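What follows is a short report on a single structure.
Residue numbers (my numbering): 189 to 328.
Here it is as structure tokens:
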């Protein structure tokens with residue numbers, strides 16, 4: 189077995205476990221799924237349930253439930269797709285933008301504290317490698 193891959197696998201398992209253990213503590217007003225969905229809409233503009241489900245590799249029913257909850261909280265509005273009267277796009281509201289920014293600030297502060305003893309170069313490299321690793325899932 190490849191030693192490097194074994195090390196990565198173990199470190200990822202530990203990271204996921206630690207992240208899961210702190211996920212019960214909320215950062216801001218958003219849970220993880222809301223944070224990711226709102227962030228995706230903010231970064232890429234309005235989106236339908238199918239596109240969001242594909243992005244996060246979730247089934248459409250899960251994303252539908254999550255976006256309905258976001259709509260009920262006033263974080264997104266649903267607008268009809270002009271090309272398909274049965275489909276809808278979700279857009280961020282001002283309230284959704286505020287909640288997203290608040291959560292981003294709290295999460296960023298927490299990560300900053302964890303990495304306070306790292307150099308700027310180490311932080312940049314970690315960010316680059318995590319982004320590269322996450323992109324590999326798009327091709328998988």
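Built from N, CA and C at the ideal position, the CB exists for glycine as well. Please read these numbers as outputs of a predicted model, since none were measured by experiment.
Per DSSP, residue 275 is one residue of the beta strand (DSSP E) stretching across 272-280. Nearest in C-alpha terms to residue 252, of all of 241, 261, 262, is 241. Residue range 248-260 is occupied by the alpha helix (DSSP H) that includes residue 255. Sorting 288, 269, 245 by C-alpha distance to the C-alpha of residue 323 places 245 at the top. Distance from the CA atom of residue 224 to the CA atom of residue 294, rounded to whole angstroms, is 15 angstroms. Under the DSSP assignment, residue 266 falls in the beta strand (DSSP E) whose first and last residues are 264-269. For residue 269 against residue 276, the beta-carbon gap comes to about 6 angstroms, under 8 angstroms, which counts as contact.
Between residue 222 and residue 258 a beta carbon distance of about 6 angstroms is seen, short of the 8 angstroms cut, so the two are scored as contacting.
Under the DSSP assignment, residue 220 falls in the alpha helix (DSSP H) whose first and last residues are 220-232. Following the DSSP letters along the chain, one finds residue 238 inside the alpha helix (DSSP H) bounded by residues 237-244.
A Cβ-Cβ separation of about 5 angstroms places residue 287 in contact with residue 217 under the 8 angstroms criterion. Closest in C-alpha terms to residue 236, from the list 290, 195, 274, comes 274. Close CB contacts of residue 290 within its chain, under the 6 angstroms cut and outside five residues either way in sequence, are with 216 (chain order). Taking the Cβ atoms as the reference, residue 263 lies roughly 3 angstroms from residue 284, within the contact range of under 8 angstroms.
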